[in-house]
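Peer 1: Sharing a structure here in structure tokens format.
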Amino acid sequence: MVSTYFSYNYISHHLKQSLTRVEQQTDVAREAAYYKANIGKVKTVDDLMKDYRLYHYALKAYGLEDMAYAKAFMRKVLESDLSDAKSFVNKLVDKRYREFAAAFSFNGTATPVAQSENQTDETIGLYTATKKSQVDALADDTKYYSAQIGSISSADQLLNNDRLRNYVYSAFGIDQSKWPPDTISQVLRSDPSDPNSYVNTAFASQLTGLNAQLAQAKSDVSATNTKIADYTAQLSQPGADVAQLNVQILVEKYHLESYTKSISSLNDQIATIGGFVDLAGAFEFSADGSLPSGVPAQTAANVTLTTKRFDDSKSDVYAAASPLNEAFATVQFRNAIGKIDSVQAFVSTPAVYDFALGAVGLDPAEVSQATVKAALESDLSDPKSFVYTLKDNRYVELARAFNFDANGNLTTPLVAQDSAKVLQTAKDYVIAVLKQASPEQQKAVREQAQKDATSYQEAIAGIDSVSELLANRKMVDFILVAKGLDPKKVSTEYLKKIFASDLNNPKSFANTESDHRFAEIAASFNFDSKGNVARLAMVGPQKQVQLRETQANYLQQSLEQQQGDTNPGVRLALYFQRKAGEITSAYDILADKALSEVFRTTFNLPDSMAAMPIDQQAKFVDKFMKIKDLSDPAKVEKLLGRFSAMYDVKNGQSIGQGQSPLLNLFQGSGSGLSDSTYLAIAKLRSH
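Numbers 5 to 691, taken from the numbering used here, label the letters of the sequence shown in order.
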């Protein structure tokens, strides 16, 4: 038999070629094709378990083939909440179960929702920021007005300054879509005390007639209400002509509606005229629009009056930004958003619709619901979609905040990285930096690492493209460290090539690189072919990255098993090489029979060591091995070179074809460690 040392080194240095050969084997290719073709049909755990080939493919990918019979147990694994430290799978010592659970999204993590928790938090934060900015903008407008009005020398100069004109129009209730600038200019030049001035002859002179009409309309409303009440009372009288009375009631209700509209219109006209009269009195312009020598456009008292009227006209803005109203609107939004299951439900729910539009700075009273619906149903990855034709980034921002497809139904979030992957990256980062810290540094390093992880979780939510991600070198370094890579050795240009690769093409740059971790990094993000953030692509119960990892794991497991049939030592070495980056302490090695075997063989320690108290075993591991070295592929390769040589010496190259006792090391029973060791580790993990 070829030596373990030679076989392992050959495969280790030609891993991609070895995996390709396995991938091309008829039985492996057949099962892989079946899995890829059918996993998309799976909707529930039952669907997966009922399909023997799918179920066994998935189990083999995570080294759990021997657990195929334990469906009740595996169901609990798949249905566990990975984010809950007390969930079933998180209490298990063997990490393979957590990896298996993380490969699927049966626990609701991929259930389409109108908003993810992050999106809801961002919308609420945006609402608060928008309301504050609107109030700040009003304060800036007032500051600008107060500073500039003293330099105005004519009515036309005032009206030609957009910002000053809009301020004055708002303060005096003027709708500039209804009144031409020339009319307002003549009002500004009027003297309200002169009965022959423009504002009096053109507008104020109408007030007597309008007030008379208003009084008549109010009288008509009162009389009509009396008639309706009288006719209604007659309906219950004996011998009443019900049909005729109902007709009369309908006629009077029609009259009432007409009178009510008239009152509203008359009030608007009277208010507008009052505003014009007040406007004329608030400025000092002469009949020709100029100012008398040494006279400002407004007295100090009138400047104060104008700014007060402006603030009064923006009372809705100030009210919405008040802590009490903002808190109420936020609670209403949180309570209602979980019930939104379509675009139609969105536009039909004021607590959500008004809040969301307000968050991006759109006024629900001024925009069309049809426009909002079309924007929310747009494909954000298509630059020609409807939302981009609006040329208004507020609609794009709104569409990004919600998850609706082209038919107005729920779909997956538009995020650079799935929330589960974000958490895993953060966790891996903390573990990676702790491995490099001395016992004395552990506490301080952990605190800083957790702060870094929190910053990453907050920052990644705002990433919209590959270019944005790579431009943030701090974030890039975080990702590299989490993956066990040295940021100093990885350039931004190199990562651009990785992210530009087609991960579905085995010949692409990322897939042909010797270090598979770079392809794994690219696969953990949701960017389209143009580098823009895309929606999470689901294949049945798996995201694209989960499917890719399952397929890759199946190939790796197949390679290791086939090598184990010929030489168990090679399988052990390949397994240790694959798991090395995940080892964070001596207990991770002791909790895994195969890893423990590699450790004992490498350092020529007796199998009886497994019967020792767990703490003593851990001391042996720390004495012979530096855990932080396991993050360095070169040091791992050197360690496994020693293992393979020692394995050959220990076994005398005598293990041949057929069933090997080593198989038990990859299952739940057999030789390797005592049950007391596993019990001790389990107790350590539970505290």
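Yeah, the Cβ is synthetic: ideal placement off N, Cα and C, and Gly gets one too.
If we ignore side chains and look at the alpha-carbon of each, how far apart do PRO417 and PRO116 end up?
Peer 2: Each residue's alpha carbon lies about 8 angstroms from the other.
Peer 1: Alpha carbon to alpha carbon, how far is VAL251 from TYR258? Give it in angstroms, no decimals.
Peer 2: Distance between the alpha carbons of TYR258 and VAL251: 11 angstroms.
Peer 1: Could you check if SER240 is buried or exposed, using at least 16 other CB atoms within 10 Å of its CB as the buried criterion?
Peer 2: SER240 is exposed by the Cβ-count criterion.
Peer 1: Just verifying my parser: in three-state terms, what is the DSSP assignment at ARG193?
Peer 2: Here ARG193 sits in coil by DSSP.
Peer 1: Taking the alpha carbon of PRO196 as the point to measure from, which residue in PHE287, SER223, TYR173 and TYR131 has its own alpha carbon closest?
Peer 2: That would be PHE287, whose Cα lies nearest to the Cα of PRO196.
Peer 1: Which value, in whole angstroms, describes the spacing of the CA atoms of ALA114 and VAL81?
Peer 2: Reliability fails at ALA114, whose pLDDT of 49 lies under 50, so the model's placement of it is uncertain and no value is given.
Peer 1: Between the alpha carbons of LYS147 and TRP183, how many angstroms are there, rounded?
Peer 2: Spanning the two alpha carbons is a distance of roughly 26 angstroms.
Peer 1: Using only alpha-carbon positions, find the residue among SER155, ARG57 and SER16 that is nearest to ALA33.
Peer 2: Of the candidates SER155, ARG57 and SER16, the one whose C-alpha sits nearest the C-alpha of ALA33 is ARG57.
Peer 1: Closest by CA to LEU96, which one among VAL653, MET78 and GLN548?
Peer 2: The residue with the shortest Cα to Cα distance from LEU96 is MET78.
Peer 1: Does DSSP classify GLN546 as helix, strand or coil?
Peer 2: Correct three-state label for GLN546: strand.
Peer 1: What did DSSP end up calling PHE390 once you bin it into helix, strand or coil?
Peer 2: The answer is helix: DSSP assigns PHE390 an H, G or I state.
Peer 1: Am I right that ARG521 and LEU489 are in contact with their C-beta atoms under 8 angstroms? What's the rounded C-beta distance?
Peer 2: With 8 angstroms as the limit, ARG521 and LEU489 qualify as a contact, their Cβ atoms being about 6 angstroms apart.
Peer 1: Decide if the segment 256–270 is in contact with the segment 168–176; the criterion is three or more beta carbon pairs, one per stretch, under 8 angstroms apart.
Peer 2: Counting Cβ pairs under 8 angstroms, fewer than three are found: no touch.
Peer 1: Quick check: the segment 342–361 against the segment 406–424, are there 3 or more CB pairs under 8 angstroms?
Peer 2: Result yes; three or more Cβ-Cβ pairs closer than 8 angstroms.
Peer 1: In three-state DSSP terms, what is LEU270?
Peer 2: Helix.
Peer 1: What does a CB cutoff of less than 8 angstroms around ALA89 pick up in its chain, not counting 5 residues either side in sequence?
Peer 2: For ALA89, where only same-chain residues beyond five positions count, there are no Cβ hits under 8 angstroms.
Peer 1: So, at 8 angstroms on beta carbons, what are the nonlocal neighbours of ALA106 in its own chain, with the 5 sequence-adjacent residues on each side left out?
Peer 2: Correct list, in chain order: LEU86, ALA424, GLN428 and GLN550.
Peer 1: Taking all protein chains shown into account, decide if GLU256 is buried (16 or more other Cβ within 10 angstroms of its Cβ) or exposed.
Peer 2: Its Cβ being crowded by 16 or more others within 10 Å, GLU256 is buried.
Peer 1: Can you check which of these residues, THR605, VAL6 and LEU563, is closest to HIS18 by C-alpha distance?
Peer 2: Of the listed residues, the one whose Cα sits closest to HIS18 is LEU563.
Peer 1: According to DSSP, is VAL225 part of a helix, a strand, or is it coil?
Peer 2: In this structure, VAL225 counts as helix in the three-state DSSP scheme.
Peer 1: Counting pairs of beta carbons, one from the segment 599–619 and one from the segment 639–651, are three or more of them closer than 8 angstroms?
Peer 2: Output reads yes: the segment 639–651 touches the segment 599–619.
Peer 1: Mind checking THR230: buried by the 16 CB within 10 Å criterion, or exposed?
Peer 2: Per the 10 Å Cβ criterion, exposed.
Peer 1: Report back the beta-carbon spacing between ALA275 and GLY177 to the nearest angstrom; my notes put them in contact at under 8 angstroms.
Peer 2: So it is a contact: roughly 6 angstroms between Cβ atoms.
Peer 1: Could you name the residues that DSSP lists as bridge partners for LEU414?
Peer 2: Answer is PHE408, bridged to LEU414.
Peer 1: Taking all protein chains shown into account, do 16 or more other C-beta atoms lie within 10 angstroms of the C-beta of ASN598, making it buried, or fewer, making it exposed?
Peer 2: Before going further, note that residue 598 is Ala rather than Asn in the sequence given. Answer is buried; the Cβ neighbour count reaches 16.
Peer 1: I believe LEU402 touches LEU380 by the beta-carbon criterion, under 8 angstroms. Please report the beta-carbon distance rounded to the nearest angstrom.
Peer 2: Contact holds; Cβ gap of about 7 angstroms.
Peer 1: How would you call ALA541, buried or exposed, if buried means at least 16 neighbouring beta carbons within 10 angstroms?
Peer 2: The residue in question, ALA541, is exposed, as its Cβ has fewer than 16 Cβ neighbours within 10 Å.
Peer 1: Any contact between the segment 565–579 and the segment 42–54? By contact I mean 3 or more CB pairs, one from each, below 8 angstroms.
Peer 2: Too few Cβ pairs lie closer than 8 angstroms, so no.
Peer 1: Contact check, TYR202 vs VAL191 under 8 angstroms by CB: the rounded distance?
Peer 2: Right, the Cβ-Cβ distance comes to about 7 angstroms (below 8 angstroms), so this counts as a contact.
Peer 1: Please state if the CB of ASN476 and the CB of ALA463 are separated by a distance shorter than 8 angstroms.
Peer 2: Yes; because the gap between Cβ atoms is below 8 angstroms, this pair is in contact.
Peer 1: So, using beta-carbon positions, are VAL356 and VAL376 closer together than 8 angstroms?
Peer 2: No, the pair does not count as a contact, with Cβ atoms beyond the cut-off.
Peer 1: Would you kindly report the start and end of the unbroken alpha helix (DSSP H) that includes ASP481?
Peer 2: 477–486 is the extent of the alpha helix (DSSP H) around ASP481.
Peer 1: Smallest Cα separation from THR264: which of ALA523, GLN220 and THR516?
Peer 2: Per the Cα distances, GLN220.
Peer 1: Tell me whether PHE531 sits in a helix, a strand or coil according to DSSP, three-state version.
Peer 2: In this structure, PHE531 counts as strand in the three-state DSSP scheme.
Peer 1: In the structure shown, what three-state DSSP assignment does LYS687 receive?
Peer 2: Annotation note: pLDDT 45 at LYS687 (below 50); position unreliable, coordinate value reported separately. If DSSP states are grouped into helix, strand and coil, LYS687 belongs with the helices.
Peer 1: Under the rule that 16 or more other beta-carbon atoms within 10 Å means buried, what is GLN661, buried or exposed?
Peer 2: Below a pLDDT of 50, predicted positions are generally treated as unreliable, and GLN661, at 43, falls in that range; no measurement from the model is reported.
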